[in-house]
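Residues in the sequence shown are numbered from 419 upward in steps of one, following the working numbering. Note that the Cβ used here is the ideal one computed from N, Cα and C, for glycine as well.
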Amino acid sequence: MQSTEIDKLIKLTAKLPALGARSARRIVLHLLKKKETDLPALIAALQDVADHIQKCPICGNFDTQEICSICSDLSRDNESVCVVQDVADLWAMERVGLYKGQYHVLGGILSALDGVTPDDLNIEGLFKRLSQGQIKEVILALPATIDGQITAHYLLSRLKTLPIKVTTLAQGIPLGAELDYMDDGTIQMALSARKEL
Ligand SMILES: [Zn+2]
Numbered sequence: 419m420q421s422t423e424i425d426k427l428i429k430l431t432a433k434l435p436a437l438g439a440r441s442a443r444r445i446v447l448h449l450l451k452k453k454e455t456d457l458p459a460l461i462a463a464l465q466d467v468a469d470h471i472q473k474c475p476i477c478g479n480f481d482t483q484e485i486c487s488i489c490s491d492l493s494r495d496n497e498s499v500c501v502v503q504d505v506a507d508l509w510a511m512e513r514v515g516l517y518k519g520q521y522h523v524l525g526g527i528l529s530a531l532d533g534v535t536p537d538d539l540n541i542e543g544l545f546k547r548l549s550q551g552q553i554k555e556v557i558l559a560l561p562a563t564i565d566g567q568i569t570a571h572y573l574l575s576r577l578k579t580l581p582i583k584v585t586t587l588a589q590g591i592p593l594g595a596e597l598d599y600m601d602d603g604t605i606q607m608a609l610s611a612r613k614e615l
């Protein structure tokens, strides 16, 4: 039997994505064994993130500054915007380092099963940005899953009415794959071979 404190920590850890009860127990046990070193460092890092990281009101990225470092970087191309499902996909694109435009994080994708509608996503924010007239190309970098493609088609149907070029990542991405799990080379290939819709 664990103490209430340990039990609570295991339960909280088990709620994290990709972790189950067994992994949570192993992580908590590791932290207890490294109580003098890893645990204080983790506490400090969590506190730092809680205190300083905010969501960029323009693109939805996370950063220490209100307008994120990508949106405020004047050397980046402000005529193209890459639409991604999640910040993890933005990070994946940035790891490749090939794309130098802007991003827009939807915060999810449409899903009939999970009841996710356009109102639940940061879609109006995207069209508000597009209405300012500076953006000439929208790159839809959404997952090659059924929901990802439904989301892409929904956006495309609305984008068609605007004088904007719409491209999508090229095929070659395995069916069911998410950007965050893809190797850098695959993302790089898909981005270079993007095609107009
Ligand atoms: Zn931003």
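Quick check for students: name the residue ranges of the alpha helix (DSSP H) that lie wholly in the region 545-607, counting only runs of 4 or more. 564-577
When you measure from the CB of Ile476 to every non-hydrogen atom of ligand 1, does any distance come out below 6 Å? yes
Contacting residues, own chain, Cβ-Cβ under 7 Å from Leu508 (five flanking each side not counted): Asn479, Val502, Tyr521, Val523
DSSP three-state call for Lys613: helix, strand or coil? strand
For Tyr517, the residue or residues it bridges with in DSSP: DSSP output for Tyr517 lists no bridge partner at all.
Between Gly515 and Leu492, what straight-line distance do the alpha-carbon atoms span, to the nearest angstrom? 16 Å
Taking the C-alpha atoms as reference points, what is the distance between Ile471 and Arg513? 20 Å
Could you please give the first and the last residue of the uninterrupted beta strand (DSSP E) stretch that includes Val502? 498-502
Going by C-alpha distance, which of Gly543, Gly551, Thr455, Gln567 is nearest Leu615? Gln567
Which partner residues does Ser529 have in the DSSP bridge list? Val534
Suppose contacts are defined by Cβ-Cβ distances below 7 Å. Is Ala608 in contact with Leu587 by that definition? yes
In the DSSP assignment, what residue or residues form a beta bridge with Val523? Val502
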